[in-house]
Amino acid sequence: MHFPLASRFVLQDFYLDDCLSGSSDAREFETLKSQLSQLLQRGGMNLHKWCTNVPRFNKQDIFPFDRNSEQINTVKTLGLLWNSFSDTFTYKVSVRKTPRFTKRDVLSQIARIYDPLGLLGPVISKAKIFMQQL
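Its first residue numbered 1, the sequence shown is counted upward by one per residue in full-length UniProt numbering.
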């Protein structure tokens with residue numbers, strides 16, 4: 001196997017065209033970046049838009065990435081906002097304001113919550129229980 005580290009990450013850490021992964025070792029991160037780039041280039045794909053919470057790797061010319069203009073440490077990934085400085089995810093949820101909610105409105109609001117990682121499961125479960133009690 002030419003790219004053992006990269007192949008493991010491709011199988012476990014890709015969701016559609018986003019890779020959300022990590023490493024606690026800077027050398028492993030550099031090896032991973034190199035192997036992933038080479039592996040995906042062999043398949044005709046280019047790997048781009050990197051972000052890390054290691055300051056020495058956050059140079060735009062080394063690892064380019066998308067930054068949210070509101071906060072310099074915030075990057076959009078998997079439909080979520082990741083703050084690379086605090087290593088936290090932020091979910092943006094907009095709730096339609098109406099004077100009275102119907103069951104249909106509540107169900108619609110619950111269904112609009114996008115949670116690809118399943119981190120909001122407990123919150124969504126509580127909302128569904130609330131829905132059943134209406």
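Cβ coordinates follow ideal geometry from the N, Cα and C atoms, glycine included.
In this text the structure is predicted, and so the values were computed from the model without any measurement.
For the ligand SAH, is there a heavy atom less than 7 Å away from the beta-carbon of residue i?
i     : result
Leu11 : The ligand content of the structure shown is nil, which means the ligand SAH is not present either.
With distances taken from CA atoms, which of the options is nearest residue i?
i      : options                          : result
Phe85  : Asn53, Ile113, Phe101 and Lys103 : Asn53
Trp82  : Ser21, Ala111 and Val123         : Ser21
Ala127 : Val106, Ala6 and Phe89           : Val106
Asn46  : Ile129, Asp25 and Asp18          : Asp18
Arg27  : Arg42, Leu5 and Tyr15            : Leu5
Gln12  : Lys97, His2, Thr74 and Leu117    : Leu117
Leu120 : Tyr91, Lys76, Gln133 and Asn73   : Tyr91
Leu16  : Arg96, Arg8, Leu78 and His48     : Leu78
Asp87  : Pro122, Arg96 and Asn73          : Asn73
Can you tell me where the alpha helix (DSSP H) holding residue i begins and where it ends?
i      : result
Lys103 : Lys103 to Ala111
Lys128 : Gly121 to Gln133
What residue range is occupied by the uninterrupted beta strand (DSSP E) comprising residue i?
i     : result
Lys33 : Per DSSP, Lys33 belongs to no beta strand (DSSP E); it is in the alpha helix (DSSP H), Ala26 to Arg42.
Quick one: what's got a C-beta closer than 8 Å to residue i's C-beta in the same chain, skipping five residues either side?
i      : result
Ile124 : Ile110, Ile113 and Asp115
Thr31  : Leu5
Phe9   : Cys19, Ser21, Leu32 and Leu36
Val95  : Gln109
Phe130 : Val106
Can you check DSSP and say which residues form a bridge with residue i?
i      : result
Tyr114 : Partner(s): none; Tyr114 has no beta bridge.
Phe89  : Trp82
Cys51  : None, per the DSSP bridge assignment.
Val75  : Trp82
Phe3   : Paired residue(s): none; Phe3 is not in a bridge.
Phe14  : Cys19
For residue i, collect the residues of the same chain with a Cβ closer than 6 Å to its Cβ; drop the 5 residues on either side in sequence, then sort them by chain order.
i      : result
Phe29  : Ser23
Phe89  : Leu80 and Trp82
Leu134 : Lys103
Tell me which same chain residues have a C-beta within less than 7 Å of the C-beta of residue i, skipping the five on either side of it?
i    : result
Phe3 : Gln35, Gln38 and Leu39
Counting contacts by CB-CB distance shorter than 8 Å, is residue i in contact with chain B?
i     : result
Arg42 : Judged by its chain identifiers, the structure shown contains no chain B, having just a single protein chain.
Any contact of the segment 26-36 with the segment 95-103, i.e. 3+ C-beta pairs under 8 Å?
The answer is no - the segment 95-103 does not touch the segment 26-36, with fewer than three Cβ pairs under 8 Å.
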